[in-house]
Amino acid sequence: MELLDQSVDEAIDETVQSFLIDGCEPSNLSTEKLNLLSALYKVLRLSCIRNEAKRNFISRSNVLPTTVLFLSRVHLTTDDTTLSPKCAALCKICVFLRGMTMDDDMNVEFGQGSDNARSIASADSAIDAFTKLSAAASTVSNNELLIDTLTTLSCIIMREEFCEQFSKNGGLESTFDALQKHGNSSAVTAACLNLLRVICGSDSCKQAVANWNADNNGGDGSRLTGLQLITGIFERFLKNPTIVKHAAGVVAALALRQPDLAVHLASFEVPDLLVKALEIHMAHSSTVRSICLAIRNLVSRSPELRATFVPEKSADSDPSGIESLLNTAMAKPECADEAKAALRDLGLPVKLRELWSGVSSKKVNKSKD
-13 MELLDQSVDE AIDETVQSFL IDGCEPSNLS TEKLNLLSAL YKVLRLSCIR
37 NEAKRNFISR SNVLPTTVLF LSRVHLTTDD TTLSPKCAAL CKICVFLRGM
87 TMDDDMNVEF GQGSDNARSI ASADSAIDAF TKLSAAASTV SNNELLIDTL
137 TTLSCIIMRE EFCEQFSKNG GLESTFDALQ KHGNSSAVTA ACLNLLRVIC
187 GSDSCKQAVA NWNADNNGGD GSRLTGLQLI TGIFERFLKN PTIVKHAAGV
237 VAALALRQPD LAVHLASFEV PDLLVKALEI HMAHSSTVRS ICLAIRNLVS
287 RSPELRATFV PEKSADSDPS GIESLLNTAM AKPECADEAK AALRDLGLPV
337 KLRELWSGVS SKKVNKSKD
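So that you can map any letter, position 159 of the sequence shown is 145 in this note's numbering, and since no number is skipped, the others follow by simple counting.
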């Protein structure tokens, strides 16, 4: 066990992997068995880091369906004496499964990470098992497991049918419930928003997110909608670059091809939040890209919303500052494409850097006849 638990990046031969796979039958969930499973899945994870051959070996074995079967049999309750080792084992399993979806081996031209993600999600009861586990983790207040299950769902839900399956199985309800219950945890909030961004890749799920509502807990009988909850979180965590990135990502996903949702989001003053966030987080490139994409998607099919970002010109040629902010973002190579798209769809001039005008800076020597 001591050797198995060493955090070393080294290959494990196929014989050892076969032994680990056979040892992962989900039975007899004692503390000792759970501790062993934690160590075994840790070794499996270490074996496939930057090693596509090992990942392929594992994907061809029975380890993925066996793992899903194990997850479907696990139940979490506060009175369970093995709750702590059980949650630890589940976290290790989540990390392993996410590792199977990665393409980090630079020695191969094309990895199979997306195929593995599809295989995991396609396994019987996989989406349902993770949905139930995330809800259970929230109930027993184990934030580490909650974050791991939400993050793993974000990695394996890659197709329309998986998004719809997640929504139909109560996934949106449990995600919004986690946002409300653990709203003070920035890590849980970021994981929830990232999952919502993925789910909103489905047009039907976008409407489900927008139509979600719950009691406002204000005692006045009002209802809190999904868009209100998301924009409220955006405003509350405006100085947190990670949460702003994911919140803007949700806005971008919701507004894409949905002009009615774009107008609805604008009514919650999302444009003002995006401009403020862009000014605050200019140093965080991934956050800037997400904000620029959200701006672009809000106005691309709703040109009337341009005025929410660019008020009518007064003495100040750029009263909201959005044009100068986007030009600053465009100067960053990693943000240039998204910033250009935002400027273009806002109807603002896009200043492109001319790499070559067709005229040489040096005189060309012409040969004489």
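C-beta: ideal position from N, C-alpha, C; glycine also.
query, result
"Cutoff 8 Å; reference Leu329; Cβ partners in own chain excluding five residues on either side", "Glu309, Leu312, Asn313, Met316, Pro335 and Val336"
"Per-residue DSSP class, three states only, for Leu210", "strand"
"Neighbourhood of Ala301 by C-beta, 8 Å cutoff - its chain only, sequence neighbours within 5 removed", "For Ala301, the predicted model reports a pLDDT of 40, less than 50, meaning its position is unreliable and no value from the coordinates is stated."
"Reduced DSSP category for Ala317 - H, G, I as helix; E, B as strand; rest coil", "coil"
"Reference Arg243; option with closest CA among Arg287, Arg59 and Ala107", "Arg287"
"Segment contact, 8 Å Cβ cut-off, at least three pairs: the region 34 to 50 with the region 70 to 77", "no"
"Cross-strand partners of Asp201 (DSSP beta bridge)", "Arg209"
"Among Leu165, Cys149, Gly344 and Trp198, nearest to Asp189 - alpha-carbon criterion", "Cys149"
"Inter-residue CB distance, Val184 and Ile143 (contact presumed, cutoff 8 Å)", "6 Å"
"Cα-Cα separation, Asp246 to Ala239", "13 Å"
"Residues near Thr294 by beta carbon distance below 6 Å, same chain, minus five either side", "Ala252 and Pro257"
"Rounded Cβ spacing between Thr175 and Phe220 (contact assumed at less than 8 Å)", "That pair is no contact at about 10 Å."
"Gln98, enclosing alpha helix (DSSP H) - first and last residue", "No alpha helix (DSSP H) contains Gln98, which DSSP labels as neither H nor E."
"Among Leu83, Asp91, Asp331 and Cys191, nearest to Leu291 - alpha-carbon criterion", "Asp331"
"Alpha carbon of Ile266 to alpha carbon of Ser124, nearest angstrom", "32 Å"
"CB of Trp198 within 7 Å of CB of Phe162, strictly", "yes"
"Three or more C-beta pairs below 8 Å linking the region 92 to 103 and the region 115 to 130", "no"
"Where Phe43 falls, given that 16 or more other Cβ within 10 Å makes a residue buried", "buried"
"The region 95 to 114 / the region 60 to 71 touching (three or more Cβ pairs under 8 Å)", "no"
"Own chain residues within Cβ distance below 7 Å of Ser276, not counting five before or after", "Lys231, Ala234, Gly235 and Ala238"
"Same chain, Cβ closer than 6 Å to Thr211, five either side skipped, listed in chain order", "Asn199"
"Integer Cβ distance of Asp114 from Cys77, believed to fall under 8 Å", "Actually they are not in contact, since the Cβ atoms of Asp114 and Cys77 sit about 19 Å apart, beyond 8 Å."
"Cβ-Cβ separation, Asn180 to Ser356 (assumed contact under 8 Å), whole Å", "Lying outside -13 to 355, the shown extent of the chain, residue 356 is not represented and no answer is given."
"Where Ala301 falls: helix, strand or coil (DSSP)", "Its pLDDT being 40, under 50, Ala301 is placed unreliably by the model, and the measurement read from it follows with that caveat. Coil."
"Test item: CB-CB of Ala241 and Leu182 under 7 Å", "no"
"Lys167 at chain B interface by Cβ criterion, 7 Å", "The chain inventory of the structure shown lacks chain B, comprising one protein chain alone."
"For Met88, three-class secondary structure by DSSP", "coil"
"Lys40 (DSSP reduced to helix, strand or coil)", "helix"
"Distance between Met268 and Ala173 (C-alpha atoms, nearest Å)", "21 Å"
"Proximity to Lys262 [Cα-Cα], best of Ala248, Val249, Cys278 and His250", "Cys278"
"Length of the line joining the Cα atoms of Asn155 and Thr52", "22 Å"
"Simplified DSSP state of Arg282, which is helix, strand or coil", "helix"
"Helix, strand or coil at Val60 [DSSP, three-state]", "coil"
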